[in-house]
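Residue numbers (numbering that gives the first Met the number 0), protein chains in the order written: chain A, 0 to 398; chain B, 0 to 398; chain C, 0 to 398.
Worksheet for the structure shown next.
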Amino acid sequence: MSLADSARFAHAMAELEKLDVRLRGADYLTTWERSLPEVRAILAAASCLASLHKRGLSAVCFSSGIGVSIFRDNSTRTRYSYSAALNLLGLEEYEVVESSSQMAHGETVRETANMVSFLTETIGIRDDVYLGKGEAFMREVAAAVEQGYRDGVLHQRPSVINLQSDVDHPTQSMADLAHLVDREGGLEELKSRKIAVTWAYSPSYGKPLSVPQGVLGLLTRLGCHVALAHPPGYELIPAVVARARAQARESGGSFEVGESMDDAFRGAHVVYPKSWAPHAIMKRRSALRDAGKTTELKELEREGLAQNARHQDWECTEQKMALTAGGQALYMHCLPADITGVSCPRGEVASTVFSRAAAATYRQASWKPFVIAAVILLTRCADPVKTLASLRDRKEPRA
Amino acid sequence: MSLADSARFAHAMAELEKLDVRLRGADYLTTWERSLPEVRAILAAASCLASLHKRGLSAVCFSSGIGVSIFRDNSTRTRYSYSAALNLLGLEEYEVVESSSQMAHGETVRETANMVSFLTETIGIRDDVYLGKGEAFMREVAAAVEQGYRDGVLHQRPSVINLQSDVDHPTQSMADLAHLVDREGGLEELKSRKIAVTWAYSPSYGKPLSVPQGVLGLLTRLGCHVALAHPPGYELIPAVVARARAQARESGGSFEVGESMDDAFRGAHVVYPKSWAPHAIMKRRSALRDAGKTTELKELEREGLAQNARHQDWECTEQKMALTAGGQALYMHCLPADITGVSCPRGEVASTVFSRAAAATYRQASWKPFVIAAVILLTRCADPVKTLASLRDRKEPRA
Amino acid sequence: MSLADSARFAHAMAELEKLDVRLRGADYLTTWERSLPEVRAILAAASCLASLHKRGLSAVCFSSGIGVSIFRDNSTRTRYSYSAALNLLGLEEYEVVESSSQMAHGETVRETANMVSFLTETIGIRDDVYLGKGEAFMREVAAAVEQGYRDGVLHQRPSVINLQSDVDHPTQSMADLAHLVDREGGLEELKSRKIAVTWAYSPSYGKPLSVPQGVLGLLTRLGCHVALAHPPGYELIPAVVARARAQARESGGSFEVGESMDDAFRGAHVVYPKSWAPHAIMKRRSALRDAGKTTELKELEREGLAQNARHQDWECTEQKMALTAGGQALYMHCLPADITGVSCPRGEVASTVFSRAAAATYRQASWKPFVIAAVILLTRCADPVKTLASLRDRKEPRA
Numbered sequence: 000m001s002l003a004d005s006a007r008f009a010h011a012m013a014e015l016e017k018l019d020v021r022l023r024g025a026d027y028l029t030t031w032e033r034s035l036p037e038v039r040a041i042l043a044a045a046s047c048l049a050s051l052h053k054r055g056l057s058a059v060c061f062s063s064g065i066g067v068s069i070f071r072d073n074s075t076r077t078r079y080s081y082s083a084a085l086n087l088l089g090l091e092e093y094e095v096v097e098s099s100s101q102m103a104h105g106e107t108v109r110e111t112a113n114m115v116s117f118l119t120e121t122i123g124i125r126d127d128v129y130l131g132k133g134e135a136f137m138r139e140v141a142a143a144v145e146q147g148y149r150d151g152v153l154h155q156r157p158s159v160i161n162l163q164s165d166v167d168h169p170t171q172s173m174a175d176l177a178h179l180v181d182r183e184g185g186l187e188e189l190k191s192r193k194i195a196v197t198w199a200y201s202p203s204y205g206k207p208l209s210v211p212q213g214v215l216g217l218l219t220r221l222g223c224h225v226a227l228a229h230p231p232g233y234e235l236i237p238a239v240v241a242r243a244r245a246q247a248r249e250s251g252g253s254f255e256v257g258e259s260m261d262d263a264f265r266g267a268h269v270v271y272p273k274s275w276a277p278h279a280i281m282k283r284r285s286a287l288r289d290a291g292k293t294t295e296l297k298e299l300e301r302e303g304l305a306q307n308a309r310h311q312d313w314e315c316t317e318q319k320m321a322l323t324a325g326g327q328a329l330y331m332h333c334l335p336a337d338i339t340g341v342s343c344p345r346g347e348v349a350s351t352v353f354s355r356a357a358a359a360t361y362r363q364a365s366w367k368p369f370v371i372a373a374v375i376l377l378t379r380c381a382d383p384v385k386t387l388a389s390l391r392d393r394k395e396p397r398a
Numbered sequence: 000m001s002l003a004d005s006a007r008f009a010h011a012m013a014e015l016e017k018l019d020v021r022l023r024g025a026d027y028l029t030t031w032e033r034s035l036p037e038v039r040a041i042l043a044a045a046s047c048l049a050s051l052h053k054r055g056l057s058a059v060c061f062s063s064g065i066g067v068s069i070f071r072d073n074s075t076r077t078r079y080s081y082s083a084a085l086n087l088l089g090l091e092e093y094e095v096v097e098s099s100s101q102m103a104h105g106e107t108v109r110e111t112a113n114m115v116s117f118l119t120e121t122i123g124i125r126d127d128v129y130l131g132k133g134e135a136f137m138r139e140v141a142a143a144v145e146q147g148y149r150d151g152v153l154h155q156r157p158s159v160i161n162l163q164s165d166v167d168h169p170t171q172s173m174a175d176l177a178h179l180v181d182r183e184g185g186l187e188e189l190k191s192r193k194i195a196v197t198w199a200y201s202p203s204y205g206k207p208l209s210v211p212q213g214v215l216g217l218l219t220r221l222g223c224h225v226a227l228a229h230p231p232g233y234e235l236i237p238a239v240v241a242r243a244r245a246q247a248r249e250s251g252g253s254f255e256v257g258e259s260m261d262d263a264f265r266g267a268h269v270v271y272p273k274s275w276a277p278h279a280i281m282k283r284r285s286a287l288r289d290a291g292k293t294t295e296l297k298e299l300e301r302e303g304l305a306q307n308a309r310h311q312d313w314e315c316t317e318q319k320m321a322l323t324a325g326g327q328a329l330y331m332h333c334l335p336a337d338i339t340g341v342s343c344p345r346g347e348v349a350s351t352v353f354s355r356a357a358a359a360t361y362r363q364a365s366w367k368p369f370v371i372a373a374v375i376l377l378t379r380c381a382d383p384v385k386t387l388a389s390l391r392d393r394k395e396p397r398a
Numbered sequence: 000m001s002l003a004d005s006a007r008f009a010h011a012m013a014e015l016e017k018l019d020v021r022l023r024g025a026d027y028l029t030t031w032e033r034s035l036p037e038v039r040a041i042l043a044a045a046s047c048l049a050s051l052h053k054r055g056l057s058a059v060c061f062s063s064g065i066g067v068s069i070f071r072d073n074s075t076r077t078r079y080s081y082s083a084a085l086n087l088l089g090l091e092e093y094e095v096v097e098s099s100s101q102m103a104h105g106e107t108v109r110e111t112a113n114m115v116s117f118l119t120e121t122i123g124i125r126d127d128v129y130l131g132k133g134e135a136f137m138r139e140v141a142a143a144v145e146q147g148y149r150d151g152v153l154h155q156r157p158s159v160i161n162l163q164s165d166v167d168h169p170t171q172s173m174a175d176l177a178h179l180v181d182r183e184g185g186l187e188e189l190k191s192r193k194i195a196v197t198w199a200y201s202p203s204y205g206k207p208l209s210v211p212q213g214v215l216g217l218l219t220r221l222g223c224h225v226a227l228a229h230p231p232g233y234e235l236i237p238a239v240v241a242r243a244r245a246q247a248r249e250s251g252g253s254f255e256v257g258e259s260m261d262d263a264f265r266g267a268h269v270v271y272p273k274s275w276a277p278h279a280i281m282k283r284r285s286a287l288r289d290a291g292k293t294t295e296l297k298e299l300e301r302e303g304l305a306q307n308a309r310h311q312d313w314e315c316t317e318q319k320m321a322l323t324a325g326g327q328a329l330y331m332h333c334l335p336a337d338i339t340g341v342s343c344p345r346g347e348v349a350s351t352v353f354s355r356a357a358a359a360t361y362r363q364a365s366w367k368p369f370v371i372a373a374v375i376l377l378t379r380c381a382d383p384v385k386t387l388a389s390l391r392d393r394k395e396p397r398a
């Protein structure tokens, strides 16, 4: 970290005060629904909380309260980060383990959402597998607790936090941004940067599109020069790409889409090579699953893997890294990466490239608990600036 | 809620002081083992805790401590409610996940009960599937920790809390009662009320008898006019029905058992139509399971479903609701309800009836965390009145 | 407990102050890596914490923080003890549930270890099934977080705590020791004692060697007379036995290995009869599993059970207990014991022997949460003596 920790805290607090955002009671489903001042506020609050933690100080500002989690897909990093973020602030996780029948459709989502919200501050949801489903589910939960609050069922309306949907992964992209800002010294410094967000080969099937979509949806607002590259057939959700294009225009940055990993890497200051599933296949998968077509789903998986296998040259090798600005681009990944010769015979990244970058990707990941805690703080506290100031002033050691 | 929240708190506190009950160290296995003052005290304490929560105030009165849970059946609502109630007071849940071999019989229950009680305040148990088993298991656990305490194994004796047995569901029935009191304005107001507790059709097998049994076992003590109705073959446990009859006589209320849903609904102020399994089939199921007869258990399930299917007219329809007092009876359900055309083709309740009642049933459910927290407070604190008074006076915000 | 509780606290505090050990930041993987003063400090701190708990006083000294757990084998007692110990101090458990692919080898262990350590104080691991694997895994995790801390990934380096490896079970052996000290009045009093650690028959396969190894590795340092006995073929890890021999020499105690349960029991003050798998079979099992040989693993299990069955006379019967000092030896077991006629037709111990000893074995187990909490306190707090003194002085009731 480039600044001394208490200076970093003071700097972030000053920023937060100036921004004067009001997020109390809001959900956090996509970064693009949040204004730029709100995005900056999340960054600043995350920085304050990380600084407190690094100095061994308590950030507990709740005496009790539940953070519900609903994980409809596996998770190691985000699950830990959400749980640890809740604990950091004094809240406690309650995981809803869905049986096959519950929380399926209509009334039942409304009901279950209310049933786990009586003493709840936040509802964190991961639902990223089926295109067109995850974000819709989150909005359904948000509408259910909104209505529950209006009906006098709930004493307060919990905030719904997207822990990865089919569309965005806004705690990941904000952790990515915090890492970039930490490295570059500030948001302003990102403006002149070229950032390559590219597809990469993986021998696995069905990786969500939400990580690259989240990165595009956020970084194009900040004046960066974003180069997206993927093989034909690996398009992202059109509306997300259109939004990225419009945002880049508005922010004074640029956004280009190409089909060459080399072109995207050339001169880049930052590279984010990461596998995802083809959009068309993900859409068919969603439809086949709705129709309950198990055999066809298996066949589709074979098709998807075969399609991937035609693009094994999309690997972040030493040769490709040498094309970047000074051969020194920052390598980013949301982890776990498919590392050639380590986690698979051939993957997203060469082992020497990853080895050099590993510690940096871990630091990138280290922002996630603080970003999530910042979102909770901003969406749940009446006066987050005052709360942070009192945490700073009371100087209570964690241990 | 009909009273302003702090007035409600003051009212409930006054009640609690007057009642002067001593529940410290007690278990909470059935409502009928608790005196009426104790029942009133649980209601009053639940009301205090709900009022604190609604006003955003902390109810934390433990600095640490474990609330063990043992769920031998699925649970969404009660599981959340127990976990959230513990958190509300400053305790933390520890869930015992039973392997096939552990906690089976004799020595092993005694041993495991002690092994998870060293730092434990409460042991919440759901064991509702097999008639004759659940409550017996809870009493075995209670005896084990009692002996552990006497043997110097445990520093303190945890309270065992029934989170649904084969016989009673005393946190549900108390939440039901809190909801009724909240709606009617007080316990006295219930005396003139007719309450219909009826079977209802469901296409599912083996629903426990403990919800209707719990409601009968509690409401007949309060001077209400309780009408139980079910098709022939759906009798409840005879001892529970006999107790209900005796209690109604003693309380100045009434209790009648019939075989017509219409008769029960006619003129009722409250209806509680809910499916349960036939007693005879549940008894055979318990015996077959003890004998390990898997094929016969499957056959019994078919038999039970076929028996249910003969009573599809036991549905809470608009026509049936029109029979109630002013056509305006309060519809109650412990949730989830089998809603015709929503969760199943034909079920316990018509979708229009449920839609109108949904928010009210959610409010009914919203009492459960506070009822459980009240039971914990009363069974674990040396002086619950003093504890609640200090929570009121310290006015510590939750966030 | 032989001393009054506050006197016990004062005594243990005085000991702790005198010892003046510095364990902050250390791991706890085997007792033999810890100096004798460190072992005494853990005992003393456990005693202080137990005394506080018994008097109903809070021992919370963390405002927040995560204790990660990784259980690669079933656990009831240790799992509860770890979770409850964390809660006792104000920390919260986060359980890593491993999918088949994660945390396998190399980079991935390093990565996952870092990913669950950002806000983590301790990492408790049970990995006891495969010889040569468990402790190695723990050391890999420890090295990973050490590097993560040096790389600036982690704000602090969590302590790794062995909750049972293939080699040692150091929270068990310290609980065993605390129980012995509690009974005998002090560590000095153990010097003249004969302690029989013997194999016992069990109809189950693959029980770890780490419990007897842990007991030998600890008690031989304290001047006791330790008699190990097992049938031929049930040797423990040679290095552990060699260390026990050397330690006994150095401590002025004795250590003998025999093949007669009777000889070991004769004149013993303490007996610890407990089943474990043959070393040779465990080594073959580990190799077969590495080679993925499922059929051979099944065959090996049959072989192991058949080998066990030849030694059904290794049962702790009344006759064998009668051989001990005054026929009154303290029976110890880490639980659960295989009790003849109770948990199996023929097992480690006769039911009458176990019945008499049951409460004492439960008291033995009751030390484990306090031992684990003591290890956490000593490895995480800057000045544990000061922390304990402030817990004593603030006299905050738990409830």
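All C-beta atoms in this analysis are idealised placements derived from N, C-alpha and C, irrespective of residue type, glycine included.
Keep in mind it's a predicted model, so treat the numbers as computed, not measured.
Same chain only: Cβ atoms within 8 Å of residue i, ignoring 5 sequence neighbours per side
i                 : result
Pro400 of chain A : This structure gives no information on residue 400 of chain A, because the portion of chain A shown stretches from 0 to 398.
Gly399 of chain B : This structure cannot speak to residue 399 of chain B, because chain B is shown only from 0 to 398.
Closer than 9 Å to chain B by CB, residue i
i                 : result
Lys206 of chain C : no
Val380 of chain A : Note on residue identity: the sequence assigns Cys, not Val, to residue 380 of chain A. Answer yes: the Cβ-Cβ gap between Cys380 of chain A and chain B drops below 9 Å somewhere.
Tyr271 of chain C : no
Pro202 of chain C : no
Sequence-distant residues of its chain with Cβ nearer than 7 Å to residue i (five each side left out)
i                 : result
Ser62 of chain C  : Gly89
Ala141 of chain C : Asp26, Val159
Lys394 of chain C : Leu56
Val214 of chain C : Ser172, Asp175, Val196, Tyr271
His168 of chain B : Ser209, Val210, Gly213
Residue i: contacting residues in chain C (beta-carbon distance under 8 Å)
i                 : result
Pro344 of chain A : Neighbours of Pro344 of chain A on chain C: none; closest Cβ ~15 Å, over 8 Å.
Chain-order list of residues whose beta-carbon lies under 6 Å from that of residue i (same chain, five-residue window excluded)
i                 : result
His224 of chain B : Lys193, Gly252, Ser253
Tyr233 of chain B : Trp198, Pro277
Residue-level contact to chain E via CB, residue i, 9 Å cutoff
i                : result
Leu87 of chain B : This model lacks chain E altogether, as its protein chains are A, B and C.
Cutoff 9 Å: residue i Cβ touching any chain A Cβ
i                 : result
Leu118 of chain C : yes
Ser57 of chain B  : yes
Residues that residue i contacts on chain B, provided the C-beta gap is smaller than 7 Å
i                 : result
Pro368 of chain C : Phe117, Leu118
Val152 of chain A : Ala358, Tyr361, Arg362, Ser365
Cutoff 9 Å: residue i Cβ touching any chain C Cβ
i                 : result
Thr111 of chain A : no
Gly251 of chain B : no
Contiguous alpha helix (DSSP H) assignments of at least 4 residues, all confined to the segment 6-63 of chain B: 35-53
Going along the chain, which unbroken runs of the alpha helix (DSSP H) with 4 or more residues stay wholly within the segment 287-323 of chain B? 293-308, 317-321
Ignoring anything shorter than 3 residues, give me the beta strand (DSSP E) runs that lie fully in the segment 216-272 of chain A, in order along the chain. 224-228, 253-257, 269-272
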